[in-house]
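As they're listed, the protein sequences go chains S and A.
Throughout the first sequence, residue numbering follows the working numbering, covering 1 to 312 in sequence.
Throughout the second sequence, residue numbering follows the working numbering, covering 1001 to 1280 in sequence.
The beta-carbon is built from N, C-alpha and C at its ideal position, and this holds for glycine as well.
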Amino acid sequence: MTDTPLRDVGPAAAAGPASQIRRRRSRRMKALFPYLLVAPAVIYLLGITLYPGIYAIIQSFHAVKFGPWQPVGFDNYVRLMGDYQFWGALWNTFVIGSISLTLQCVLALILAFYAYRDPWVQGWRIVFLVPMLFMPSAVAFIYKLSFLDARVFSDLLQRIGLIDGNLAIQSSVWGSRALLILADVWQWTPFLFIIFVAALQGQDEEVEEAARLDGASWFSIFWNISLPLMKPVIAVALILRGIDITTMFTNVFIITKGGPAFGTETISYFIYRTGFKFFNFGYASAASVVMLILTIIIAQVVVKRAFVSARN
Amino acid sequence: MASVRRKKGENLLVRYLILGGWALFCLVPVLWFLSIGLRPRTEIITPQPIYWPTFSLDAWHMIWEDWPMWQYLRNSVLAILGSVLIDLVLAIPAAYALARYEFRGRDDIAFYILSTRMMAPAIVAIPIFFLFRNLGLLDTIWALMLVYAAINLSFVTWIIRSYMLDIPKELEDAARTDGASDLRILWEIIIPAILPGIITAAVIAMIFAINEFLFTLLIASTPDAYTMSMALANFTGGSDGVIYNAIALVAFLAFLPVFLVVVAIQKHLSRGLTMGAVKG
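Right, dumping it as structure tokens:
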């Protein structure tokens, strides 16, 4: 309450009981005021998280095809636990996500490290930003065209003489995964780069200067001074990027459709396919609920800590 | 400090090789996009890729003459601007409360708002699909507007809150001793003072809304509610296969205004992208 002004203390304090009641009421009003301010936003967000969450939980205990819902108890969950496609989707999400995130983080750190004290840093930022501002669905189509339909990549490699014959990306699990990773790295490394550059620019130059005068090499300054200082920022940036990577859908939907042999099917695509391709909504909801629980655990354990430490 | 600051042992050649190399990696595919957009359909999928295509405005004519592109554009603009407006109306008061008042549960509420950003769209896709179906909102831009607003609300609230936290309290205290109410202070002092932050939040929300794909795919099933990104996904022209040159050209046309806006708010971008956690 330290921030709310107590304007009505003064003369009103000496007045009769009627004004005392009014004052109490207005104080209660004041205590409620911040809640009233946040309420619309919170109610709106509950509408898209709590309502769907409950709905998915209820639906996950039913067999839902086209007709009425049939209660089936834990059947959906039991089936899910034995479904190798579900585990495969979790594994794919993890593999594609962790490789992509690691690459993006390392690349963005290297680029930020070289760019932040360059005189043309503004220019680099603008150039590096470009991929991020294209619609992801369009990027996905062009990558599909260049690597799969028109085989430009394969053709280029043949021209340099690295390979003979066409590269069969489409039928190779790792080839397809690499393509998804490449498209993601191309488009989203700038996200991390922009954040890292800002963090490095915000650091105190004097500490660096002192270390340099002590004869420390640039690499040791970066590794021992700049990087530890950046840790909280890196954590926040990786979490935000990590969320988007683990929910990857657009590229899978457009470029690989989860293939070959379900090798690139992410969890988002699994839920989409089960629900909206096979109309197995109860089963898809069970998968959603499992994901929801995982998300809440990760949010509570990792994210809360990262955001609190970044603020301080 | 504006001069080239060289660190001991650092090679400028290495620096420019790395930065220049990445710049090429960023820009060559973009030129390739453009070359796809400006070539005739016959030169897109060929036994040997064509690197120097014939210039052609086929795609340009196709976009405007064969498709209701203006309608898609209007749908996109209405849904996105509407969603940003909803976000600002909801987020500004919420951010103000979270930045300026002490109340029980404040930090939990702030974290709850943040955590909604972590929800995978696929998790809530099915219930939201049924919700809109029951409300009769499927295939309307109203549904898109509501969904985009929901996706971005956490971001917008946190960014605005971060900017509000930076405003010195003295500014408000002066107005308060003059007897201004809290809401008037918010409207007349805080909002003008954090306008750059509000614009940054709005631009970032706009980008995420343009990029949104899964919900749009589920909600928009006819051209009535197609947005630009859906229009692209539907340039598959039935028996004609995917119409890549139209996709590339539309992507390019959509890129240009976004690029200009983002360059204009460049300074605030890093702060916006981290929801205020990094002060650029």
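- Residues of chain S with CB under 9 Å from A/Gln-1071, in chain order? For A/Gln-1071, there are no neighbours in chain S by C-beta distance under 9 Å, as the nearest C-beta there is about 18 Å away.
- Since A/Leu-1144 and A/Ile-1219 are thought to touch, with beta carbons under 8 Å apart, how far apart are those beta carbons, to the nearest angstrom? With a Cβ gap of about 6 Å, A/Leu-1144 and A/Ile-1219 count as contacting.
- Would you grab the beta carbon distance between A/Ala-1094 and S/Ala-31 for me? Rounded to a whole angstrom, and I think it's under 8 Å. No, A/Ala-1094 and S/Ala-31 are not in contact; Cβ-Cβ is about 17 Å, not under 8 Å.
- Report yes or no: do the region 1264-1278 of chain A and the region 1197-1204 of chain A share at least 3 C-beta pairs separated by less than 8 Å? Contact between the region 1264-1278 of chain A and the region 1197-1204 of chain A is present, with at least three C-beta pairs closer than 8 Å.
- Message: Using C-beta distances below 7 Å, list every residue in its chain close to A/Ser-1154, excluding the 5 sequence neighbours before and after it, in chain order.
- Response: Take A/Ser-1154, set aside five residues on each side of it, and the residues of its chain with a beta-carbon closer than 7 Å to its own are Ile-1113, Leu-1114, Thr-1116 and Arg-1117, in chain order.
- Item | Residue-level contact to chain S via CB, A/Tyr-1163, 7 Å cutoff | No, A/Tyr-1163 lies away from the interface with chain S (no Cβ there is under 7 Å from its Cβ).
- Assigned secondary structure, S/Gln-170 (DSSP; H/G/I helix, E/B strand, else coil): Look at S/Gln-170 here: in three-state DSSP terms it is coil, with no helix or strand label.
- For S/Pro-71, name the three-state secondary structure that DSSP assigns. S/Pro-71 falls in the strand class under three-state DSSP.
- Query: Can you list, in chain order, the residues of the region 1176-1207 of chain A whose Cβ is nearer than 8 Å to any Cβ on chain S?
  - Reply: Correct list: Arg-1176, Gly-1179, Asp-1182 and Ile-1207.
- With a cut-off of 7 Å, does the C-beta of S/Pro-34 fall near any C-beta of chain A? Interface residue, yes.
- Query: Quick one: does S/Val-302 have its CB under 7 Å from some CB of chain A?
  - Reply: False, the Cβ-Cβ gap to chain A never drops below 7 Å.
- Please work out which residues of its chain come closer than 6 Å, Cβ to Cβ, to S/Gln-170, disregarding the five sequence neighbours upstream and downstream, and give them in chain order. For S/Gln-170, the CB contacts under 6 Å within the same chain, skipping 5 residues up- and downstream, are Leu-148 in chain order.
- So, helix, strand or coil for S/Ala-63, using DSSP? Under the three-state reduction of DSSP output, S/Ala-63 falls in the strand class.
- Task: Would you verify that the beta carbon of S/Phe-66 is, or is not, closer than 7 Å to some beta carbon of chain A?
- Result: Chain A contact via Cβ: absent.
- Item | Contiguous alpha helix (DSSP H) assignments of at least 4 residues, all confined to the region 216-264 of chain S | Complete alpha helix (DSSP H) runs here, min 4: 218-221 and 227-246.
- Message: Between A/Lys-1008 and chain S, is the shortest Cβ-Cβ distance under 7 Å, so that the two count as touching?
- Response: Unreliable positioning characterises A/Lys-1008 in this predicted model, as indicated by a pLDDT of 48, which lies under 50. A coordinate reading is not provided.
- Query: For the region 1258-1274 of chain A, which residues have a CB atom closer than 8 Å to at least one CB atom of chain S, in sequence order?
  - Reply: Correct list: Val-1258, Phe-1259, Val-1262, Val-1263, Gln-1266, Leu-1269, Ser-1270, Arg-1271, Leu-1273 and Thr-1274.
- Message: Given this structure, state the Cα-to-Cα distance separating S/Gln-201 from S/Glu-208, to the nearest angstrom.
- Response: Taking the straight line from one Cα to the other gives about 12 Å.
- Task: Using a Cβ-Cβ cut-off of 7 Å, state whether S/Pro-228 counts as contacting chain A.
- Result: Chain A contact via Cβ: absent.
- On the three-state DSSP scale, how would you describe A/Thr-1177? Three-state DSSP puts A/Thr-1177 in a helix.
- Could you tell me the distance, in whole angstroms, from the CA atom of A/Ile-1063 to the CA atom of A/Phe-1255? C-alpha of A/Ile-1063 to C-alpha of A/Phe-1255: approximately 16 Å in a straight line.
- Message: Can you give me the C-alpha to C-alpha distance between S/Ile-96 and S/Leu-103, rounded to a whole angstrom?
- Response: The straight-line gap from Cα to Cα measures roughly 11 Å.
- Item | Exposed unless 16 or more other CB atoms sit within 10 angstroms - verdict on S/Ile-142 | Under this definition S/Ile-142 is a buried residue.
- Item | Residues from the region 1117-1130 of chain A in contact with chain S, defined by Cβ distance under 9 Å | Residues of the region 1117-1130 of chain A with a C-beta atom less than 9 Å from some C-beta of chain S are Arg-1117, Met-1118, Met-1119, Ala-1120, Pro-1121, Ala-1122, Ile-1123, Val-1124, Ala-1125, Ile-1126, Pro-1127, Ile-1128, Phe-1129 and Phe-1130, listed in chain order.
- Would you mind listing the alpha helix (DSSP H) stretches within the region 90-167 of chain S that are 4+ residues and don't spill past its ends, in chain order? Listed in chain order, they are 121-129, 136-144 and 152-160.
- Item | Contact set between S/Ala-89 and chain A, taken where Cβ atoms lie within less than 8 Å | Neighbours of S/Ala-89 across chain A, judged by C-beta separation under 8 Å, do not exist; the nearest C-beta is about 11 Å away.
- How many Å lie between S/Leu-46 and A/Met-1230 at the Cα? Whole-angstrom Cα-Cα distance: 27 Å.
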